[in-house]
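Chemist: Pasting a structure below so you can have a look.
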Amino acid sequence: MRQSSPSIKLNSAEMTRMRALPVLCRALYIFSLRARMDYRNGYVGIKYRITYDRIRDDLDAAPLPGEQSERPSKGQVARALQRLERAGLIQRKPKGRRLIVHLPHADFDENQDLASLLASTNKGRAERPIGRSTGRSSNPVRPIQSDGENKSEKQGHTGRNPAGPIQGAALGRSVGRSPDPEDPELDPEHTHARTRTRDGKGVASFEAAKGVCVQGETEEEEAIIRIWEHWKSVMDAQDAVLDPKRRYCIQRALGWGYTPAQLCEAITGCSQSPFHMGNSSKGQVFNGLSTILRDAEQIDRMRSSMTSPGASGERIRHGFPESVLEAHARPGEEYEHVAARLRAQRDNEVRTTQEGK
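Each residue of the sequence shown is one higher than the one before, counting from 1 in full-length UniProt numbering.
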């Protein structure tokens, strides 16, 4: 009896989140991520590595005669992954240059910690014997023999593979798993940057080459929570949620080498910028983490714009130092109304100045 291939079934949560997404995002989620998902834990990219090129191969469609290929570019794939992450369908786990994706809304067996999964994967690779063959033949590794010896052996052998696998050391090649510069070994128990060798030369890992300070998962999580709580307090957004996009922005900024205190200074500097807090002709607010931590130049600009009240540790409420709100507050007036009144006064002053010019 012919065995049928495993089917892909989407649940209502996935269908609801995919309705507002473009066709490319839907195809990427179904034909690439769901097709490669490990049904034991819901992860993609741990047991078998996934890259942008493999995703492009999954989405490649044969063009009709006279039409161009519909193979998406790497930029289109990257933007589609961002749309899926914003919709909550995937959660990207930044681990060096390796792409690891978790599908939280898919149906899988059990939730497992990423660190334990990587540890078990690395343990299995470490226990794999060096020089192991691909598994088709159980014959021992034999040295290369002359043509006469091969002919005599072939005449007396009736199997499909009479010569057996060629010894890799004789050809100067490794039979086992070769090191891949784009697939660094991830060991959560050793958080420092390791050194690998390639062609006899020492090559530092991706983290060491970029000068990134790799922290432990506990310390990194504490730093993320500290920065997030500071942003909520300064921007007075207590109901905000730390979604994967905001977490990724903080992790990326920490990976650039900034300390949590420096990122908090950038957030405070943004809260003291009238333009970013909505004091403009359009009244649009630009105080999100994706804007503050957009790049290193933006972070440095926000830190330099921090004035003395914020630097001294005074709390910022609704875009104004607490002492300023207290000085302009009327009896029984809330700080929120005081801040709105001060913004209106500044808007009137700006319009009067522009009209006078």
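Backbone N, C-alpha and C fix where the C-beta goes; we use that ideal spot for every residue, glycine too. Keep in mind it's a predicted model, so treat the numbers as computed, not measured.
(1) Using only the alpha-carbon positions, how far apart do S12 and L103 sit?
(2) Near I50, which residues of its chain fall below 7 angstroms by C-beta distance, leaving aside the five closest residues on each side in sequence?
(3) Quick one: which unbroken alpha helix (DSSP H) runs of 4-plus residues sit fully inside the stretch 247-299? Chain order, please.
(4) Counting along the chain, where does the alpha helix (DSSP H) carrying S305 start and finish?
(5) With distances taken Cα to Cα, identify the nearest neighbour of R34 among M306, F108, R19.
(6) Which residues in the same chain as D60 place their Cβ atom closer than 6 angstroms to its Cβ, once the five residues preceding and following it in sequence are excluded?
(7) For the alpha helix (DSSP H) containing S12, list its first residue and its last residue.
(8) What did DSSP end up calling Y39 once you bin it into helix, strand or coil?
(9) Taking all protein chains shown into account, decide if E265 is buried (16 or more other Cβ within 10 angstroms of its Cβ) or exposed.
(10) Of all the options Q262, S305, W256, M235, which has the alpha carbon lying nearest to the alpha carbon of A339?
(11) Would you call the stretch 232-249 and the stretch 282-291 touching, i.e. three or more CB-CB distances under 8 angstroms?
(12) Relative to the C-alpha of W231, which residue among R92, L24, Q262 is closest?
(13) Do you know how far the Cα of L342 is from the Cα of S305?
(14) Mind checking R40: buried by the 16 CB within 10 Å criterion, or exposed?
(15) Does the stretch 23-30 come within contact of the stretch 73-85, defined as at least 3 CB pairs closer than 8 angstroms?
(16) Out of S323, V324, G283, W256, which has the shortest C-alpha to C-alpha gap to D300?
(17) Within 10 angstroms of the Cβ of A344, are there 16 or more other Cβ atoms? Answer buried if so, exposed if not.
(18) Among residues of its own chain, excluding the 5 on either side of V77, which ones have a beta-carbon nearer than 8 angstroms to its beta-carbon?
(19) Contact defined as beta carbons within less than 8 angstroms: I believe A62 pairs with C25. What is the distance between those atoms, to the nearest angstrom?
(20) Per DSSP, what are the beta-bridge partners of V101 in this structure?
(21) Please list, in chain order, all residues of the same chain as M302 whose beta carbon is under 7 angstroms from its beta carbon, the five residues on each side excluded.
(22) According to the Cβ coordinates, are residue 367 and E220 closer than 9 angstroms?
Modeler: Well, looking at it:
(1) For S12 and L103, the distance between alpha carbons rounds to 14 angstroms.
(2) R36, V44, L99
(3) Listed in chain order, the alpha helix (DSSP H) runs fully inside the stretch 247-299 are 260-271, 289-292, counting runs of at least 4 residues.
(4) S305 -> no alpha helix (DSSP H), and no H or E assigned at all.
(5) The shortest C-alpha separation from R34 is found at F108.
(6) R71
(7) 12-18
(8) Secondary structure of Y39 (DSSP, three-state): coil.
(9) buried
(10) M235
(11) yes
(12) Q262
(13) 20 angstroms
(14) exposed
(15) yes
(16) W256
(17) exposed
(18) L28, Y52, I55, R56, L59
(19) The Cβ separation is near 21 angstroms, so there is no contact.
(20) V44, R92
(21) A266, G269, C270, I292
(22) Past the boundaries of the shown model lies residue 367; the chain is included only from 1 to 357, so the question cannot be answered.
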